[in-house]
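So the sequence lines, in the order shown, correspond to chains D and X. The first sequence: position 44 = 44 (the numbering used here), numbered continuously. The second sequence: position 110 = 110 (the numbering used here), numbered continuously. Shown next, in structure tokens, is the structure this report addresses.
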Amino acid sequence: MAGGDGGRGRGRGQLAFNMEAVSIGKGHALPPPTLQPSPLFPPLEFRPGPLPSGEEGEYVLALKQELRGAMRQHPYFIRPAIPKKDVEHYSDKYHTCGPIDSAIAWNPDWRRLPRELKIPVRKLQKEQTTILLPKRPPKTTEDKEETIRKLETLKKEEEVTSEEDEEKEEEKEEEEEEEYDEEEHEEETDYIMSYFDNGEDFGGDSDDNMDEAIY
Amino acid sequence: MTQAEIKLCSLMLQEHFGEIVEKIGVHLIRTGSQPLRVIVHDTGTSLDQVKKALCVLIQHNLVIYQVHKRGVVEYEAHCSRVLRMLRYPRYIYTTKALYGDTGELIVEELLLNGKMTMSAVVKKVADRLTETVEDGKTMDYAEVSNTFMQLADTRFVQRCPMVHAPENSDTQPPPPAPNLVINEKDMYLVPKLSLIGKGKRRRSSDEDAAGEPAAKRPKHPTDNKEPIPDDGIYWQANLDRFHQHFRDQTIVSAVANRMDQTSSEIVRAMLRMSEVTTSSDAPFTQPLSSNEIFRSLPVGYNISKQVLDQYLTLLADDPLEFVGKSGDSGGGMYVINFCKALASLATATLESVIQERFGSRCARIFRLVLQKKHLEQKQVEDFAMIPAKEAKDMLYKMLSENFISLQEIPKTPDHAPSRTFYLYTVNVLSAARMLLHRCYKSVTNLIERRQFETKENKRLLEKSQRVEAIIASVQATGAEEAQLQEIEEMITAPERQQLETLKRNVNKLDASEIQVDETIFLLESYIESTMKRQ
């Protein structure tokens, strides 16, 4: 309309609001114009406060991580089936994917669900429910004691059978000593003894073909 | 549902149930109530997968179904219920604090399985507790049942709606979906079961097997054929009751921070008395007389009646208005004002966010505008005693982040800007909504970053898991120190460093998620209580 055009043309130099009311008086430095989008991670002016620590914080943290792991083990976690490829790969048997059939691994109460949702239930061969421990008691010391006990029993058994096998053991020891001698020899020089060829084998090669002269 | 909420729901479903359930769940949240065929068509997944996903979602109370006309069953997802999955560790920890390990495991089983019968819960929890107890001892079912009944009495667990069998079911064909109803009175009624038994230890090593006679083991598969006495009665965790408990805890700790320990104990006693008489969404408790409060204070507290009256007067006069005086009979009738308490807590959260993000001078301006309701630019500078340039800068920063809003009051009917008052004001409800939205976005970012970090180091994590498995199996068969050392050296020192850094980062991200969830709870409770009053 004419009025609109006139307003746009005539009042171009004037601003719509009063500069002083917004307290940008003359001589006030305005911030420089922004020529690019704001940075992805603007610099932090103040560092954030510390996270909750202490017994409660750590317990809830451990609980959260255990719950996450537990949910993955439950039959409610449905893994997508990997689509069939044309070529069989070696890594196929190591893939942790879900089965492609239409059964579910847990047994819901079908009376509570709409009839259209009924699916066959797959019976598990073994009960694979992993039972989590709320606290994990330190079992390392007990295990170490068990291993020490086992080693001691093994030692005793060795001592009992050692009298019978004494001859065999002596032979083994002689072999070990011979090996040690060789090693000592080898240690004196920097050269590996097995590389030294003392010429015994030379000439032992019988050539059937005597046409060629031997130089 | 906002985009941030939908993204967060999608991440939660993916972490807990896998991608297929996530796809179906997010589709239902986005599009609302839909029948089965439309879901199959729109998401492009096969019918079997959709059925599987819906079974899982319904079992966990995330999706409900309704029978519409012509026998079509429509499914609807609850976005807010999906977001509660973030808070599961907090629920479990609270139960541990109140009812010990037994209660903790009961609630954990109920949350992880959605709904279960009482006998199934008791059996599973007894088995789990027997695992942790020393050799030879087992957990009795009766003890677990007692804790379960305590949880039902204090309403932390509730019964799911039951299948309502119509009377004339012989003449009509069975309905496509069962009708589920629940009676208010029956919701916390524990069925009379005589659960006799002890927890069974899982046969993990040969040492335990010798203790149990061989005859007991083949009985395991036949147990399923026996009729379960409480068949059809399912229980679920009552999240509203937990929220009520959290709200009470927050109020008590706020009073303790503002005043002292004794006043917080008084408030705690008042809340305990009104636990059963007040519903969870009431704006304030029933009036409690000062005499009643005096009688129900904990036994160890020896304060005289006059001191109690003084404390109550102090609490009632406090500007935060947590406690209000509603009458003078019985030595003074006092109520706890939940609405005002939640509003004060939300405001305090906003103030602290501004302080941490923009500095204490900004916080001063914010508190000023909050107190005076509407202020002009010039008045802000004068009252806050901050130079004009800085005050203007801070106000605009807060305005751009939507903590403060501008109210225009025109002097002339043509709204000319030079003849209009511009007043700064804080609308707490909208600022709280904005902050809540931001919290959802933060949790989404935290979860995504954690997933990214784990994916980056996936190879290293798998290697370390394999090495641990090897160590465990070698140790079980008896090994020497040198062998173990050799196996441990399979992970080099820089790799170990990398694993340490990864673990530290993941822990930090998890702890941050938990902390943001506390803020989410506070803001959601405030918004809910304010909306109800309007």
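C-beta: ideal position from N, C-alpha, C; glycine also. Being a predicted model, the structure only gives us computed values, none of them experimental.
Does His89 (chain D) have its Cβ less than 9 Å from a Cβ in chain X? Not an interface residue.
Could you tell me which chain D residues have their CB closer than 7 Å to the CB of Phe17 (chain X), listed as they occur along the chain? Ordered by position in chain D, the residues that pass the 7 Å Cβ test against Phe17 (chain X) are Tyr76, Phe77, Ile78.
Which residues of chain D have a Cβ atom closer than 9 Å to the Cβ of Arg459 (chain X), listed in chain order? Within chain D, no C-beta atom comes less than 9 Å from the C-beta of Arg459 (chain X); the nearest is roughly 14 Å away.
Need the endpoints of the beta strand (DSSP E) that Gln236 (chain X) sits in, please. Element bounds for Gln236 (chain X): 234 to 237.
Any residues in the segment 501 to 514 of chain X with a beta carbon nearer than 7 Å to a beta carbon of chain D? Which ones, in chain order? If the cut-off is 7 Å between Cβ atoms, the segment 501 to 514 of chain X has Asn507, Lys508, Asp510, Ala511, Ser512, Ile514 near chain D.
Quick one: which residues of the segment 339 to 357 of chain X get their C-beta closer than 8 Å to a C-beta of chain D? List them in chain order. Under the 8 Å Cβ criterion, the segment 339 to 357 of chain X contributes Glu356, Arg357.
Using a Cβ cut-off of 9 Å (strictly closer), state whether Pro37 (chain D) contacts chain C. Protein chains D and X are contained in the structure displayed, whereas chain C is not.
Is the CB of Arg111 (chain D) under 9 Å away from at least one CB in chain X? Cβ-Cβ to chain X under 9 Å: yes for Arg111 (chain D).
Range of the contiguous alpha helix (DSSP H) that encloses Pro552 (chain X): As shown, chain X starts at 1 and ends at 534. That puts residue 552 (chain X) outside it, with no answer to give.
Of the residues that make up the segment 48 to 60 of chain X, which ones have a beta carbon closer than 8 Å to any beta carbon in chain D? Residues passing the 8 Å Cβ filter: Asp48, Gln49, Lys51, Lys52, Ala53, Leu54, Cys55, Val56, Ile58, Gln59, His60.
Buried versus exposed, by CB contacts within 10 Å (16 or more), Pro218 (chain X): In this prediction, Pro218 (chain X) has a pLDDT of 38, which is less than 50 and means its spatial position is unreliable; nothing more can be read from the coordinates.
How many angstroms separate the CA atom of Leu461 (chain X) from the CA atom of Leu499 (chain X)? Computed Cα separation, rounded: 8 Å.
Separation of Glu381 (chain X) from Ala391 (chain X), as counted between CA atoms: Going by the C-alpha atoms only, they are around 6 Å apart.
Using only the alpha-carbon positions, how far apart do Met139 (chain X) and Arg361 (chain X) sit? Taking the straight line from one Cα to the other gives about 59 Å.
Helix, strand or coil at Glu176 (chain D) [DSSP, three-state]: Confidence in Glu176 (chain D) is poor, its pLDDT being 44 and thus under 50, which makes the residue's placement unreliable; the coordinate value appears in the next sentence. Residue state for Glu176 (chain D) is assigned as helix, using DSSP reduced to three classes.
Pick out whichever of D:Lys64, D:Gly69, D:Ser38, D:Trp106 has its Cα sitting closest to the Cα of Lys115 (chain X). Residue nearest to Lys115 (chain X) within the set D:Lys64, D:Gly69, D:Ser38, D:Trp106 is D:Trp106 (criterion: CA-CA distance).
Is it right to say Val127 (chain X) is buried, meaning 16 or more other beta carbons lie within 10 angstroms of its own, or is it exposed? It is Asp, not Val, that sits at residue 127 (chain X) in the sequence shown. Taking all protein chains in view, the Cβ of Asp127 (chain X) is crowded by 16 or more other Cβ atoms within 10 Å, so the residue is classified as buried.
Contact set between the segment 411 to 443 of chain X and chain D, restricted to residues whose Cβ is under 7 Å from the partner: So the close ones are Pro417, Ser418.
Let me make sure I understand the geometry here. Which of X:Ile106, X:Ser280, X:Ala469 has the alpha-carbon closest to that of Val125 (chain X)? Nearest C-alpha to Val125 (chain X): X:Ile106.
Cβ closer than 7 Å: which chain X residues qualify as neighbours of Leu67 (chain D)? Contact annotation for Leu67 (chain D) against chain X: Tyr88, Pro89 [CB-CB distance below 7 Å, chain order].
Write down the C-beta distance between Leu406 (chain X) and Tyr422 (chain X) rounded to the nearest angstrom, noting that I regard them as a contact closer than 8 Å. Yes, Leu406 (chain X) and Tyr422 (chain X) are in contact; Cβ-Cβ is about 6 Å, under 8 Å.
May I ask you to verify whether the segment 67 to 82 of chain X touches the segment 9 to 22 of chain X, counting CB pairs closer than 8 Å and requiring at least 3? They touch, by the three-pair rule.
Tell me, to the nearest whole angstrom, how far the beta carbon of Pro410 (chain X) is from that of Thr420 (chain X); I am working on the premise that it is less than 8 Å. Approximately 5 Å separates the beta-carbon atoms of Pro410 (chain X) and Thr420 (chain X); this is inside 8 Å, confirming the contact.
Helix, strand or coil at Pro417 (chain X) according to DSSP, with G and I counted as helix: Per DSSP, reduced to three states, the secondary structure at Pro417 (chain X) is helical.
Can Val254 (chain X) and Ala343 (chain X) be called in contact, C-beta distance under 9 Å? The question names Val, but residue 254 (chain X) is Ala in the sequence shown. Contact flag unset, no.
Rounded to the nearest angstrom, what separates Ile233 (chain X) and Ile24 (chain X) at their Cα positions? Taking the CA atoms as reference points, Ile233 (chain X) sits about 28 Å from Ile24 (chain X).
Proximal chain D residues relative to Leu112 (chain X), where beta-carbon distance stays under 9 Å: Within chain D, the residues whose beta carbon sits less than 9 Å from that of Leu112 (chain X) are Leu67, Ala70, Met71, His74, Tyr76, listed in sequence order.
For Glu376 (chain X), I'd like the list of residues in its chain whose CB is within less than 8 Å of its CB, leaving aside the five on either flank, ordered along the chain. The residues are Phe421, Tyr422, Leu423, Tyr424.
With a 10 Å radius around its C-beta and 16 neighbouring C-beta atoms as the bar for buried, classify Val276 (chain X) as buried or exposed. Around the Cβ of Val276 (chain X), a 10 Å sphere holds fewer than 16 other Cβ atoms; the residue is exposed.
Would you mind stating whether Ala511 (chain X) and Leu61 (chain D) have Cβ atoms separated by less than 9 Å? In this structure, Leu61 (chain D) lies closer than 9 Å to Ala511 (chain X) by Cβ.
Three-way DSSP call (helix, strand, coil) for Gln407 (chain X) in this model: Note: Gln407 (chain X) maps to strand in three-state DSSP.
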